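Peer 1:
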Amino acid sequence: KTSTLQQASSNEFGWSVSKITKVIQNLYEGIKIDGEQMALITYPRTDSIRMSDVFKTTAKRFILSAYGNEYVSENVKSKNTKKNENIQDAHECIRVIDPFMLPSKLKGKIDADYAKMYELIWRRSIACLMTPCRYIHKTIRFKNGSCKFFTYSNVLEFDGYRKVYSDSVSIGAGSTYDYKNGQKVKAKTVDSVKHVSEPPARYNQASLVKALDDAGVGRPSTYRMMVDVNPERGYCEVKARAFYMTPIGN
5 KTSTLQQASS
15 NEFGWSVSKI
25 TKVIQNLYEG
35 IKIDGEQMAL
45 ITYPRTDSIR
55 MSDVFKTTAK
65 RFILSAYGNE
75 YVSENVKSKN
85 TKKNENIQDA
95 HECIRVIDPF
105 MLPSKLKGKI
115 DADYAKMYEL
125 IWRRSIACLM
135 TPCRYIHKTI
145 RFKNGSCKFF
155 TYSNVLEFDG
165 YRKVYSDSVS
175 IGAGSTYDYK
185 NGQKVKAKTV
195 DSVKHVSEPP
205 ARYNQASLVK
215 ALDDAGVGRP
225 STYRMMVDVN
235 PERGYCEVKA
245 RAFYMTPIGN
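Each residue of the sequence shown is one higher than the one before, starting from 5 at the first, in my numbering.
The following block contains the structure:
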């Protein structure tokens, strides 16, 4: 949907919501490719995660041919399940029109910003129809008198949707541990680290859009205006992509 695409684009490319809105609108209206005007994505202002059955069938056919049957998911969320009275669901989710139109086919034929945005939408469109990744997870607990310590490892066993799209979730360092219950181990070094509680991070454009979406404030068509209006009126300043209140804003 619009809000999550704006968040992903802002985090990945460092773009403003205004630029994101302009780029996806042009991808929807159509751009010239080999002399022909061609639309590449569906309607870009939507609060829906619904995806058409026709597209899912076509995309799964692509996944099967490109990656194999083990990557085709059979359990896909096809409708909005979040109970939010503000969701209108008038349009399906933002997705590419043709899953067989690979991003690599467009490089050099369209503007670099359009190519980057199309690739992001293509990867997310395909990844949501692929199987989840699987990990081998181990938790190791150590006991020394009354003190208890633990460590863990997450080793990727099957990449699943990560074949085409890697999100911000950490997959771990890939370390494996081969300890047995009751085994005695000796510490090589002991590090003492002091942790101090930090204040909440300042809002940036991506986190502000997420907060507005979570609170049910605004519509997909108004997020850009809501994000831009405060700096434009002098209520805040943007430094290193974060919002800082001005005396007027306070």
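Beta carbons are placed, not taken as given, at the ideal position from N, Cα and C, and that holds for glycine.
Please read all numbers here as calculations on a predicted model, not as lab measurements.
Would you tell me roughly how many angstroms separate the C-alpha atoms of residue 153 and residue 94, rounded to the nearest one?
Peer 2: 52 Å
Peer 1: Roughly how many angstroms lie between the CA atoms of residue 99 and residue 127, to the nearest whole one?
Peer 2: 9 Å
Peer 1: Could you please give the first and the last residue of the uninterrupted alpha helix (DSSP H) stretch that includes residue 158?
Peer 2: Here residue 158 belongs to no alpha helix (DSSP H); instead the beta strand (DSSP E) covers 151–162.
Peer 1: Where residue 239 and residue 231 are concerned, what is the direct C-alpha to C-alpha distance, given to the nearest angstrom?
Peer 2: Near 12 Å, if we compare the C-alpha coordinates of residue 231 and residue 239.
Peer 1: So, is residue 252 buried or exposed, given that buried needs 16 or more other C-beta atoms within 10 angstroms?
Peer 2: exposed
Peer 1: Using DSSP bridges, identify the partner residues of residue 243.
Peer 2: 246
Peer 1: On the three-pair Cβ rule with 8 Å, is the segment 7–14 touching the segment 208–218?
Peer 2: yes
Peer 1: At which residue ranges does the segment 97–148 contain complete alpha helix (DSSP H) runs of 4 or more residues, listed in the order of the chain?
Peer 2: Complete alpha helix (DSSP H) runs here, min 4: 107–110, 116–131.
Peer 1: Give me, in chain order, the residues of the same chain whose beta-carbon lies closer than 6 Å to that of residue 168; leave out the 5 immediate sequence neighbours on both sides.
Peer 2: 127, 130, 131
Peer 1: Less than 6 Å between C-beta atoms, sequence neighbours within five positions excluded: which residues of the same chain meet that for residue 166?
Peer 2: 137
Peer 1: Name the two residues that bound the continuous beta strand (DSSP E) containing residue 187.
Peer 2: Neither: residue 187 is in no beta strand (DSSP E) and is coded neither H nor E.
Peer 1: If we count the other Cβ atoms within 10 Å of its Cβ and call it buried at 16 or more, is residue 59 buried or exposed?
Peer 2: buried
Peer 1: How is residue 229 classed by DSSP in three states: helix, strand or coil?
Peer 2: helix
Peer 1: Is the beta carbon of residue 66 less than 8 Å from the beta carbon of residue 104?
Peer 2: yes
Peer 1: Which stretch, first to last residue, makes up the beta strand (DSSP E) that contains residue 252?
Peer 2: Here residue 252 belongs to no beta strand (DSSP E), and DSSP marks it neither H nor E.
Peer 1: Using a Cβ-Cβ cutoff of less than 6 Å, which residues in the same chain neighbour residue 146 once the five nearest sequence positions on both sides are dropped?
Peer 2: Cβ neighbours of residue 146 beyond the five flanking positions: 153.
Peer 1: With DSSP run on the structure shown, which of helix, strand or coil describes residue 28?
Peer 2: helix
Peer 1: Among 135, 134, 110, whose alpha-carbon lies nearest the alpha-carbon of residue 123?
Peer 2: The option with the nearest alpha carbon to residue 123 is 110.
Peer 1: Determine the direct distance from the alpha carbon of residue 160 to that of residue 195, and round the result to whole angstroms.
Peer 2: 28 Å
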